[in-house]
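In my numbering, the protein residues as written are 104 to 638.
Heads up, the beta-carbon is just placed ideally off N, CA and C, and yes, glycines get one too.
Nothing here was measured: the structure is a model prediction, and the numbers come from that model.
Have a look at this one:
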């Protein structure tokens, strides 16, 4: 009876599909259980006669409002006004604008394509590895993850019809389709037609209709976010494949291990999501904070001390995320090596990394190579200790603040060595696909310079650095930092760089003297009481 009633409802809704009431009726019939992970579209696709997935065009009859929301979202536009930047006046940041410390740039000056879409296959290999040249697709550019599109990058001046033909809904709403996995398994194929690249989805809607997610799982989000930067866990600290549902444990992340999804904290409103961080760029909605759920987390005597002496100056993450499980710390684009299936730059990846600690007041410094359509010459700083053969350093993102207006937060510090234009004083993007396919560094740099309208003298490089906010990887409370992890005498090692943070040497001296004299005082007091009783 229930099945017959459901079928009748869907058929009736089908006659009204293209009216507002009809779309609402179909939507209600699909989402009868608001808590359900999946929204079974089987009957609707049958009524519509839909078998081939064509991006958002396949979703428009019922979801026009949602497609409009995605059109104007950061995930599609890759651009946002950054109002937390102190050294620039409300610049636009994001994938459309940035030059970063991993693969440098997707675009140059928002419109010039550098590393967006194409086909990368191994074309040259060192002696003994010729069998690796097999025509296998390695990657298709940054568009594998950035832009949630069918290959045409989002623009604010697009018509809605253009955007609807390009938005890729199933990137987020179908497991196993998004990110590099969908491209490498042939579900999403890069195609060149008359010199223009786009993706074709090889998906039978009838086969996946019952697997479409109403609420994306963390495994869907991780297909892009865990593999950003060109590898598993190399970029965003504590975001890796270890968080997948079948692998995650509480010793990796207590929230994920408890069954939480990304969208439980990063709540979307009209397909817009907000973040707050030194290294993130989506600012289109209100971000989450620990205190939204954990109102009064510290109990007892120890909790009283923490609440009264630490929470004003110490962020929750500082104590509760004591380690970066595995991540990349730097890469050098001067040094190219063969990695087994492709060429790549030299990288340093480590495990169990102690974070860097800095004051942060919610503001940051940001470097962008172009601002308002004009080149923005870099003010080179002194390179980090141990970094040699570069002209100087550019700080891509850096936290601002001090003990008067900020809190101490944990970060991952990362840097890269990249080519530099000494005429215009800006870093040069590399056509990284050329390196991956052939190992030809200079050719790739010159191709990138040409795409950006820049000049490379064949020898100049700079360091570019970034601070990554550490928000994932909360451990069980028993594994949070304890007093002696940060506070210790001058003769011991402790993780907080108290001198650099502005406290000077006093805390270490005071703690050391306390450790020396407290036992003496206690012993003296005990001896005094003993003598007093004896007499």
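Under the assumption that residue i contacts residue j (Cβ atoms under 8 angstroms), give the Cβ distance between them as a whole number of angstroms.
i           : j           : result
residue 211 : residue 532 : 6 angstroms
residue 693 : residue 511 : Given that the chain is displayed from residue 104 to residue 638, the structure contains no residue 693 and the question cannot be resolved.
residue 384 : residue 185 : 7 angstroms
residue 204 : residue 569 : 5 angstroms
residue 374 : residue 172 : 4 angstroms
residue 206 : residue 192 : About 28 angstroms separates the two Cβ atoms, so there is no contact after all.
residue 282 : residue 326 : 4 angstroms
residue 625 : residue 194 : About 59 angstroms; that fails the 8 angstroms criterion.
residue 141 : residue 317 : 7 angstroms
residue 524 : residue 552 : 7 angstroms
residue 409 : residue 399 : No, residue 409 and residue 399 are not in contact; Cβ-Cβ is about 11 angstroms, not under 8 angstroms.
Look at the alpha carbon of residue i and the alpha carbon of residue j, and state the distance between them as a whole number of angstroms.
i           : j           : result
residue 471 : residue 458 : 25 angstroms
residue 422 : residue 139 : 35 angstroms
residue 490 : residue 517 : 12 angstroms
residue 146 : residue 554 : 48 angstroms
residue 364 : residue 321 : 5 angstroms
residue 271 : residue 372 : 18 angstroms
residue 356 : residue 623 : 43 angstroms
residue 505 : residue 463 : 7 angstroms
residue 628 : residue 465 : 49 angstroms
residue 224 : residue 542 : 12 angstroms
residue 386 : residue 592 : 42 angstroms
residue 615 : residue 514 : 28 angstroms
residue 600 : residue 426 : 16 angstroms
residue 306 : residue 287 : 14 angstroms
residue 117 : residue 310 : For residue 117, the predicted model reports a pLDDT of 41, less than 50, meaning its position is unreliable; a value from the coordinates is still stated below. Rounded to whole angstroms, residue 117 to residue 310 spans 20 angstroms at the Cα level.
residue 238 : residue 540 : 11 angstroms
residue 430 : residue 201 : 21 angstroms
residue 397 : residue 391 : 12 angstroms
residue 228 : residue 443 : 9 angstroms
residue 276 : residue 159 : 12 angstroms
residue 620 : residue 348 : 51 angstroms
Indicate whether residue i and residue j have their beta-carbon atoms separated by less than 8 angstroms.
i           : j           : result
residue 502 : residue 495 : no
residue 527 : residue 557 : yes
residue 424 : residue 144 : no
residue 536 : residue 221 : yes
residue 522 : residue 436 : yes
residue 360 : residue 366 : no
residue 564 : residue 520 : yes
residue 304 : residue 284 : no
residue 446 : residue 452 : no
residue 302 : residue 254 : yes
residue 329 : residue 343 : yes
residue 406 : residue 388 : no
residue 562 : residue 547 : no
residue 572 : residue 382 : yes
residue 273 : residue 156 : yes
residue 209 : residue 162 : no
residue 166 : residue 441 : no
residue 181 : residue 250 : yes
Please state the DSSP three-state secondary structure of residue i.
i           : result
residue 224 : strand
residue 481 : coil
residue 337 : coil
residue 240 : strand
residue 610 : helix
residue 316 : strand
residue 209 : coil
residue 469 : strand
residue 602 : coil
residue 252 : strand
residue 550 : helix
residue 246 : helix
residue 120 : Because the pLDDT at residue 120 is just 41, under 50, the model does not fix this residue reliably, and the point stays unresolved.
residue 564 : strand
residue 512 : strand
residue 278 : coil
residue 215 : strand
residue 434 : strand
Run through the DSSP bridge pairs and tell me what residue i is partnered with.
i           : result
residue 524 : 529
residue 517 : 569
residue 441 : 446
residue 377 : 386
residue 499 : Residue 499 is not bridged to any residue.
residue 168 : Its beta-bridge partners do not exist; DSSP assigns none.
residue 461 : 512
residue 196 : 183
residue 295 : 300
I'd like to know whether the C-beta of residue i is nearer than 8 angstroms to at least one C-beta of chain D.
i           : result
residue 559 : Any reference to chain D falls outside this structure, which holds one protein chain only.
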